[in-house]
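Trainee:
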Ligand SMILES: Cc1ncc(C[n+]2csc(CCOP(=O)(O)OP(=O)(O)O)c2C)c(N)n1
Ligand code: SF4
């Protein structure tokens, strides 16, 4: 089905936040095929994906689900599924469709959420996602296209590759002693309590295609009727990688795949009683404490002198670098700004180096990645040396020491040295050095209000004595900047420097 060029609308949020249903600019507005290719897909001749697409599209149409359906596209040859289904479309990372579909379905229980995956996607990189979504009995529908190979990447062995079947990574043919046995997804999922319906079908001949058609329809009806997790495994030809013509490939499904992966209804039952004990669902906005734009909670009480303020916070894991970023984003959100927070840390998180990018903006934020921040908060020397040169020339660096390292070439950006860790120690908790820095940032930039900062801190910290230390830390950072000035400048009586 062609994709409508205008799928996006900005509608005021019914649940207390703004919903933006718009296609990312990286996608074609309309995917037009040349006149002679109007009735073709990008799939190879004889590929099973095209047939499965047609059967799913027919079922969606016949069941009247088009307006409700959300298709979660995988990584694999069917990566362009969103060009063929004129429904809601979400493209997800390799193997992650069941996890994303879970989130979408839970946020929108009235929608029909379809996870579409190949065998490399579902049974290799995405094994955990499908097993746990099935085990939780998520009320989604999964279509699992098993063509016994990685098609898109040129024919590597998949978990479902048959014993003796050649692939680029098993040129000798799959040997169980080396590569293990073909992986039986339907049988495996059938050991779990969660699934409501599991059937394996095959695109082996017309009779089997009709059976596939019925299974696909049933799996969608199940979701429409609120029945639990449904999965249809479809044995599917991949003529190109198998090195066969379309007719031979279909025959190969019948003669070689079905004996190993028997077609069967493995599970067909209504949800177990325990599933009926409804879990209370709260609206997403309420869980995330998101307030409707323009509501009293988000109307800025503070004048923001910037259009966009970008901050990079860097230091050791354990210095509260990531938390400081989260606090600033939360504050921005409470003051009605668009915000983003992007963390980055090594496998060692605690004690390893960590940094995060924070963006506060009056406009929607295109990318959370910040190459040249307005402000760098460097909690240690390594971070200063690593990131100082990235800061904009008219930017600001807050450095967690009382002076710059002797051999450090002063950057173009202004620098304020604040012994935040020492101040925090004096206050009785090394952990609040990040809040000292927050105080310094607020005082120097006036980007966000102190009142909001205190509100956010109060909502995050329950222990009274800790709360007091944090309040003092914020105040100390502010006072420090008030009384001190940046390196190399001449202090003035009013505390400002020129
Ligand atoms: C994280 C990640 N790892 C690896 C890849 C490369 N990759 C793209 S498609 C694919 C396998 C697809 O095979 P399958 O799911 O069987 O789908 P098919 O192409 O056969 O329909 C792989 C490994 C990727 N895109 N992303
Ligand atoms: S490589 Fe295989 S799975 Fe991919 S489009 Fe071609 S036939 Fe289909």
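Numbering (the working numbering), first residue to last: 25 to 522. By construction, the Cβ of each residue, glycine as well, lies at the ideal position given by its N, Cα and C atoms. Every value quoted in this text rests on a predicted model; they were computed, and no experiment measured them.
(1) Mind pulling the beta strand (DSSP E) runs of 3 or more residues that sit fully within the region 81 to 157?
(2) Could you name the residues that DSSP lists as bridge partners for residue 364?
(3) Let's test the definition: count the other Cβ atoms within 10 Å of the Cβ of residue 475 and tell me whether it reaches 16, buried, or not, exposed.
(4) Got a sec: does ligand 1 put a non-hydrogen atom nearer than 7 Å to the Cβ of residue 175?
(5) Return yes when the C-beta of residue 73 is under 7 Å from any heavy atom of ligand 2, and no when it is not.
(6) Classify residue 208: buried if its beta carbon has 16 or more other beta carbons within 10 angstroms, exposed otherwise.
(7) What span of residues does the alpha helix (DSSP H) with residue 463 cover, start to end?
(8) If you run the structure through DSSP and keep just helix, strand and coil, what is residue 503?
(9) Nearest-angstrom Cα distance between residue 494 and residue 352?
(10) So, is residue 192 buried or exposed, given that buried needs 16 or more other C-beta atoms within 10 angstroms?
(11) Cβ of residue 186 within 8 Å of Cβ of residue 284?
(12) Using a Cβ-based criterion (distance less than 7 Å to any ligand heavy atom), does residue 264 qualify as near ligand 4?
(13) Please name the residue in 175, 188, 377 whose C-alpha comes closest to that of residue 264.
(14) Report the residue from 390, 266, 458 whose alpha carbon sits nearest the alpha carbon of residue 195.
(15) Along the beta strand (DSSP E) that carries residue 442, what are the first and last residues, could you check?
(16) Here's the rule: buried if 16 or more other CB atoms are within 10 angstroms of the residue's CB, otherwise exposed. What is residue 113?
(17) Could you round the C-beta distance between residue 281 and residue 172 to whole angstroms and report it? I think they count as a contact, below 8 Å.
(18) Thinking C-beta only, is residue 222 closer than 8 Å to residue 75?
(19) Could you give the first and the last residue of the continuous alpha helix (DSSP H) run that contains residue 280?
(20) Answer with buried or exposed for residue 406, where buried requires no fewer than 16 other C-beta atoms within 10 angstroms of its C-beta.
(21) For residue 141 and residue 272, what's the separation of their Cα atoms in angstroms?
(22) Would you call the CB atoms of residue 87 and residue 235 closer than 8 Å?
(23) According to DSSP, what are the bridge partners of residue 198?
(24) Taking only three categories from DSSP, how would you classify residue 223?
(25) State the Cα-Cα distance for the pair residue 510 and residue 504, rounded to the nearest angstrom.
Mentor: By the coordinates alone:
(1) Fully contained in the region 81 to 157 are the following beta strand (DSSP E) runs of length 3 or more, in chain order: 93 to 97, 112 to 115, 136 to 142.
(2) 383, per the DSSP bridge assignment.
(3) Exposed: under 16 other Cβ atoms inside 10 Å.
(4) Yes, since a heavy atom of ligand 1 falls inside the 7 Å radius drawn around the Cβ of residue 175.
(5) Yes.
(6) A residue is called buried when at least 16 other Cβ atoms come within 10 angstroms of its Cβ; residue 208 meets this threshold and is buried.
(7) For residue 463, the uninterrupted alpha helix (DSSP H) run begins and ends at 457 to 469, by DSSP.
(8) Correct three-state label for residue 503: helix.
(9) So the two alpha carbons sit approximately 15 Å from each other.
(10) Counting Cβ neighbours within 10 Å, residue 192 comes out exposed, since fewer than 16 surround it.
(11) Yes. Within cutoff.
(12) This structure lacks ligand 4; the ligands present are ligand 1 and ligand 2.
(13) Minimum Cα distance to residue 264 is reached at 175.
(14) The shortest Cα separation from residue 195 among 390, 266, 458 belongs to 266.
(15) Note, residue 442: premise wrong, no beta strand (DSSP E); not H, not E.
(16) Classification for residue 113: buried.
(17) Their Cβ separation, rounded to whole angstroms, is 6 Å, which keeps residue 281 and residue 172 in contact under 8 Å.
(18) No.
(19) No residue range can be given for residue 280, since it is assigned to no alpha helix (DSSP H) and is classified by DSSP as neither H nor E.
(20) Residue 406 is exposed by the Cβ-count criterion.
(21) Distance between the alpha carbons of residue 141 and residue 272 is about 24 Å.
(22) Taking C-beta atoms as the reference points, residue 87 and residue 235 fail to come closer than 8 Å.
(23) DSSP output for residue 198 lists 187 as bridge partner(s).
(24) Here residue 223 sits in strand by DSSP.
(25) Confidence at residue 510 is low in this model, with a pLDDT of 47, below 50, so its placement is unreliable and no value can be given for it.
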